[in-house]
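Residue numbers (our numbering), protein chains in the order written: chain A, 1 to 542; chain B, 1001 to 1542.
The structure is reproduced here in structure tokens:
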């Protein structure tokens, strides 16, 4: 079972140090500390374990070190920054694991960019040696890239020429959409196994500058100092992210606010998210004092951990029924505080994090049904769960007091990967509906919710059990692959962004290639990399 | 060998009739007239042969019947509009054929929408019976959808529940992005094998209206009459699209303006497009008189036919070297006439068609290198070939007079699928470069072209042969699948559109699913459809 929790004192592969406004995240991958057997992490190559630490480090910088304004990502190994995802790990992994591995590493890089875009921290890739494949893809997720000019070090994306697969962590999309490198140059670069060294790489826009070995450290320090001087210093003290505690049995996993039980035989899970207690903080100062025990932070951290757990460790669970329990007023009270205190750094980080967790749900290859029943609290931020679900069922029972409610957080603070709110994406045909819903400013019982288009179905007491049972049975009987492709197409209506291009277009092509004999067959390039046997292609273009 | 040319008098499956401003395109698929053995086209299901006729019909309406303002698409079979792509055909086809089949049918539906969007013809789907799968996808490509209310007929997308694959012809994307149906309803609809009948289908936005059997024909006629009355009548007479003539040998195919030779051993082709003669028409009246012998129309029709031929009949050709031959001034003269006469219906249709052919090239899963040599004429519309190529090589020989030139047609009249011109897409990083290039208003020799970023490499006489030879050898040695995924990612920088979502996101997922054992394995749903054996899934979510 893969554990997605990490903490700096237990990092095996990264050193996170901070000095005032500067954090340094240095990669020093331990060859033998792999997540699975059968490969060695040479040359700062990585597996999922390495990336779990990286994701944790970026998250901790945001919450524990708000004073940090610049993050330097570099390597402690001489002459090598990072060789990318470990090829032997990929070669020996199942298709499903490869796909989930790439999804997580993509989310980590998007989270890094989310920090840069929304919290203004500047990420500086200090490439003290060659950055190839995923190593360069990590660099290109940063705001600035500097490469040592030692006559040898290069940046490269050798996946296509060496492995017969794509750079799987957003590299191609970021080349042309983020750094806006000309597509013909991107074509040359992505087919050139040895990559490009400093001068040419700079000319083509692949890096921002190159410095001689003797001047490298000093030049990075100078650039960092420019960044931190230009930025206003934060006097805020961070909060600690403490380990998430949960109890697990064979069929359950129970955190404080989030719990799940698995019906393995029927291939679905019941996930319940509990709303906040009534005595939540009402000011930023109180939130800061409460730290990671504050409901929105703790509940969404638990949900995040559970989503990752289910993706990788519960592959046969195809459907997740989402429920909430609690008081609508308590959720709305939390949302009001989050909105009122949004200028506070911690509140901003919490809301940005909630948005990332909800995006993780959007990107999870499982079906989600929201079940809105008596005692539920699908309100404000928790309403997003119902809106993120593939469909929702709300009990239509006038006496049961089942309601939904909106808050200001539904109006754009928790955007999907495409930049739209879930309500915007839902009402592309009738954008006026948003004003109507927010104008009404109240909670909605089943019939009103159905009329407004907020829920899919509103069965009554008599029908409820049968309808849910049949819906679950039908969903879990369908082809899991067709559902994954269908959900990936239906969930992202409207505009696309760099993120959705990475998770939609690029990832779908990579998943296709990850199935092709030319990559993973006995004569495929990925299978045969580093072996005495040669890859041999079926050259038919498809 | 599959032939992509068709003509109404030879149609087997469609009846195209026109009456003043109304065309009727009626589907009457002949079960036994299949393109391959092993299946029967029951219930108006289709194979590639049926769709080649449909594409031809839409094209002919545009050129041969400019007076048509409304096109009614219906069926001559009782109680069935169209059952979609033939499942047994899909089940017995190779992966590569399935992918290319879907690409062509997608292009056909995009061409229909292109006619509606740019030439204002209104497409009315008159569903006189059930439209399922590709049948409903054809309807949803139309502007308006009317379904007979006979107590039985429905619209449906049964691919996910019945076949374990996606609706492969843009259905999912058009549901949420064109008709902007709520994603939860789209989710229900796309998992409901039997689909929805009139009332519910209308309520959910899947159709525009439903009429009782007795009133169906009259209601369609009424709607058609509203459309044609609202539109200004065109008095223009059409031109004939005559059969394209070519000579073929084992290794060549030679049309009047386009020729290709295949180096099969080395897996590449040399494609040469000849520029116009000097005595081209200078007015719309002269163009009308010349008809389909007018260079832009004939040359691009030839290119279109050749691209389709190479996709399906030459799968092992992985790289196409694009060359042009002719005089830059002659190409620019044609472009000036096309711009000056753009208000003319025929000129508009010709330019829109050139744009579609160039988009077909963008979407072709082969690498393209443009080779810009002495005697070439990469100017104006032909410059788009170099810009569409994955990279370009221009001979840098001051004495050889090799030049490129821009025309007004490069400024947006020939857009890519994402709506950007190829120059816009190329210069996302430096949008000012466009003004600079158009401001200079002249032709560019190699060094100037390189400086402006119009070409990738400018080898001199000494290096040219070796550099091209090595580039070809390297390209054709790479994994064809990785190249397809890479090119699909790099060619479409910048914004996405419904079309690019269909060809990028949706198609890539479908291609992935088309490889999955749950669809095409011995126990897969596609393989076992209609057989006494049951499909059996590996339920792991990926």
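Ideal Cβ positions, reconstructed from N, Cα and C, are used throughout, including at glycine.
**Prompt:** Does DSSP classify residue 1204 of chain B as helix, strand or coil?
**Reply:** Translated into the one-based positions of the second chain, residue 1204 of chain B becomes position 204. Residue state, collapsed to three classes: coil.
**Asked** Given a limit of 7 angstroms on CB to CB distance, which residues of the stretch 1504–1531 of chain B reach chain A?
**Response** Those would be 1504, 1505, 1506, 1508, 1509, 1510, 1511, 1512, 1513, 1515, 1516, 1518, 1519, 1525, in chain order.
**Prompt:** Within the 9 angstroms Cβ cut-off, does residue 78 of chain A reach chain B?
**Reply:** Translated into positions along the first chain, residue 78 of chain A becomes position 78. Output row for residue 78 of chain A: interface = no.
**Message:** In this structure, how does DSSP classify residue 84 of chain A when only helix, strand and coil are distinguished?
**Reply:** As a position in the first chain, residue 84 of chain A is number 84, starting the count at 1. Residue 84 of chain A: strand per DSSP, three-state reduction.
**Prompt:** For residue 1209 of chain B, which residues does DSSP report across the bridge?
**Reply:** Numbered from its first residue, the second chain carries residue 1209 of chain B at position 209. For residue 1209 of chain B, the pairing in a beta bridge is given by DSSP as B:1146.
**Item:** Residue span of the beta strand (DSSP E) that contains residue 1410 of chain B, given as start and end
**Value:** Stepping through the second chain from its first residue, residue 1410 of chain B is reached at position 410. Element bounds for residue 1410 of chain B: n/a, residue is neither H nor E.
**Asked** Taking the runs of the beta strand (DSSP E) that are 3 residues or longer, which of them lie wholly in the stretch 1440–1468 of chain B?
**Response** 1443–1445
**Asked** What three-state label does DSSP hand residue 1256 of chain B in the structure shown?
**Response** Position 256 of the second chain, counted from the start, is the residue given in the question as residue 1256 of chain B. Correct three-state label for residue 1256 of chain B: coil.
**Interface residues of chain B facing residue 366 of chain A [CB-CB closer than 9 angstroms]** = Locating residue 366 of chain A in the first chain gives position 366, counting from the first residue. Near residue 366 of chain A (Cβ distances below 9 angstroms), the residues of chain B are 1541.
**Request:** Would you tell me roughly how many angstroms separate the C-alpha atoms of residue 264 of chain A and residue 1539 of chain B, rounded to the nearest one?
**Result:** By 1-based counting over the first chain, the position of residue 264 of chain A is 264. By 1-based counting over the second chain, the position of residue 1539 of chain B is 539. Taking the straight line joining both Cα atoms gives about 11 angstroms.
**Message:** Whole angstroms are fine: how far does the CA of residue 478 of chain A sit from the CA of residue 1315 of chain B?
**Reply:** Position 315 of the second chain holds residue 1315 of chain B. Position 478 of the first chain holds residue 478 of chain A. Computed Cα separation, rounded: 33 angstroms.
**Rounded straight-line distance, which links the Cα of residue 1493 of chain B to that of residue 262 of chain A** = Within the first chain, numbered from 1, the residue matching residue 262 of chain A stands at position 262. Within the second chain, numbered from 1, the residue matching residue 1493 of chain B stands at position 493. Computed Cα separation, rounded: 42 angstroms.
**Runs of alpha helix (DSSP H) lying entirely within the stretch 86–167 of chain A, each at least 4 residues, in chain order** = 87–92, 95–114, 134–141
**residue 1012 of chain B in three-state terms, based on DSSP** = Taking the first residue of the second chain as position 1, residue 1012 of chain B is located at position 12. Assigned with DSSP and collapsed to three states, residue 1012 of chain B falls in coil, not helix or strand.
**Prompt:** Buried or exposed: residue 1508 of chain B, going by 16 or more other Cβ atoms within 10 Å of its Cβ?
**Reply:** The residue labelled residue 1508 of chain B in the question sits at position 508 within the second chain. Answer is buried; the Cβ neighbour count reaches 16.
**Prompt:** What residues in the stretch 87–98 of chain A bring their beta carbon closer than 8 angstroms to a beta carbon of chain B?
**Reply:** 95, 96
**Request:** Report yes or no: do the stretch 298–306 of chain A and the stretch 234–248 of chain A share at least 3 C-beta pairs separated by less than 8 angstroms?
**Result:** These segments touch.
**Prompt:** Are the stretch 1485–1504 of chain B and the stretch 1067–1085 of chain B touching, with three or more C-beta to C-beta distances below 8 angstroms?
**Reply:** no
**Request:** List the endpoints of the continuous alpha helix (DSSP H) containing residue 1003 of chain B.
**Result:** Position 3 of the second chain holds residue 1003 of chain B. Premise fails: residue 1003 of chain B is in no alpha helix (DSSP H) and is neither H nor E.
**Message:** If you reduce the DSSP assignment to three classes, tell me which class residue 197 of chain A lands in.
**Reply:** Position 197 of the first chain, counted from the start, is the residue given in the question as residue 197 of chain A. Three-state result, residue 197 of chain A: strand.
**Asked** When the Cα of residue 173 of chain A is compared with those of A:499, A:529, A:425, which residue comes out closest?
**Response** Within the first chain, the letter at position 173 stands for residue 173 of chain A. It is A:499 whose Cα lies nearest to the Cα of residue 173 of chain A.
**Request:** Flag this pair as yes or no: are the beta carbons of residue 1032 of chain B and residue 1044 of chain B separated by less than 9 angstroms?
**Result:** For the purposes of this step, residue 1032 of chain B is taken as residue 32 along the second chain, with counting starting at 1. For the purposes of this step, residue 1044 of chain B is taken as residue 44 along the second chain, with counting starting at 1. Contact: no.
**Message:** Going by DSSP in three states, residue 483 of chain A sits in which element: helix, strand or coil?
**Reply:** Here residue 483 of chain A refers to the residue found at position 483 when the first chain is read from its first residue. The answer is helix: DSSP assigns residue 483 of chain A an H, G or I state.
**Prompt:** Any residues in the stretch 130–145 of chain A with a beta carbon nearer than 9 angstroms to a beta carbon of chain B? Which ones, in chain order?
**Reply:** Under the 9 angstroms Cβ criterion, the stretch 130–145 of chain A contributes no residue.
**Asked** For residue 1037 of chain B, which of helix, strand or coil comes out of DSSP?
**Response** Here residue 1037 of chain B refers to the residue found at position 37 when the second chain is read from its first residue. Residue 1037 of chain B: coil per DSSP, three-state reduction.
**Secondary structure of residue 503 of chain A, DSSP reduced to three states** = Here residue 503 of chain A refers to the residue found at position 503 when the first chain is read from its first residue. Residue 503 of chain A falls in the helix class under three-state DSSP.
**Message:** For the beta strand (DSSP E) containing residue 1492 of chain B, name the first residue and the last one.
**Reply:** On the second chain, position 492 is the one that residue 1492 of chain B refers to. That residue, residue 1492 of chain B, is in no beta strand (DSSP E); it is neither H nor E in DSSP.
**Asked** Nearest-angstrom Cα distance between residue 1124 of chain B and residue 390 of chain A?
**Response** Reading the second chain from its first residue, position 124 is the one you call residue 1124 of chain B. Reading the first chain from its first residue, position 390 is the one you call residue 390 of chain A. Whole-angstrom Cα-Cα distance: 31 angstroms.
**Request:** May I ask you to list the residues that DSSP assigns as paired with residue 22 of chain A?
**Result:** Your numbering for residue 22 of chain A matches position 22 in the first chain. Looking at the DSSP assignment, residue 22 of chain A forms a beta bridge with A:19, A:70.
**Asked** So, are the CB atoms of residue 1052 of chain B and residue 1004 of chain B less than 9 angstroms apart?
**Response** For this step, residue 1052 of chain B is matched to residue 52 along the second chain. For this step, residue 1004 of chain B is matched to residue 4 along the second chain. Yes, the Cβ-Cβ distance between residue 1052 of chain B and residue 1004 of chain B is below 9 angstroms.
**Message:** Please report the distance separating the alpha-carbon of residue 280 of chain A from that of residue 324 of chain A.
**Reply:** On the first chain, residue 280 of chain A is found 280 positions in, with the first residue counted as 1. On the first chain, residue 324 of chain A is found 324 positions in, with the first residue counted as 1. Each residue's alpha carbon lies about 18 angstroms from the other.
**Asked** What residues in its chain sit with their C-beta under 7 angstroms from that of residue 1440 of chain B, if we drop five residues either side in the sequence?
**Response** The residue given as residue 1440 of chain B occupies position 440 in the second chain. For residue 1440 of chain B, where only same-chain residues beyond five positions count, there are no Cβ hits under 7 angstroms.
**Message:** With distance defined between alpha-carbon atoms, name the residue in A:369, A:525, A:293, A:83 nearest to residue 318 of chain A.
**Reply:** Here the question's residue 318 of chain A lines up with position 318 in the first chain. Closest option to residue 318 of chain A, Cα to Cα, is A:369.
**Message:** For the pair the stretch 1088–1098 of chain B and the stretch 1326–1342 of chain B, tell me if three or more CB-CB distances fall below 8 angstroms.
**Reply:** Using a C-beta cut-off of 8 angstroms, the stretch 1088–1098 of chain B makes no contact with the stretch 1326–1342 of chain B, since fewer than three inter-stretch Cβ pairs fall below that distance.
**Request:** Determine which residues of the stretch 173–193 of chain A have a Cβ less than 8 angstroms from any Cβ of chain B, and write them out in chain order.
**Result:** 173, 175, 176, 177, 179, 180, 181, 182, 183, 184, 185, 186, 187, 188, 190, 191
**Request:** Report yes or no: do three or more beta-carbon pairs, one from the stretch 160–173 of chain A and one from the stretch 202–220 of chain A, lie closer than 8 angstroms?
**Result:** no
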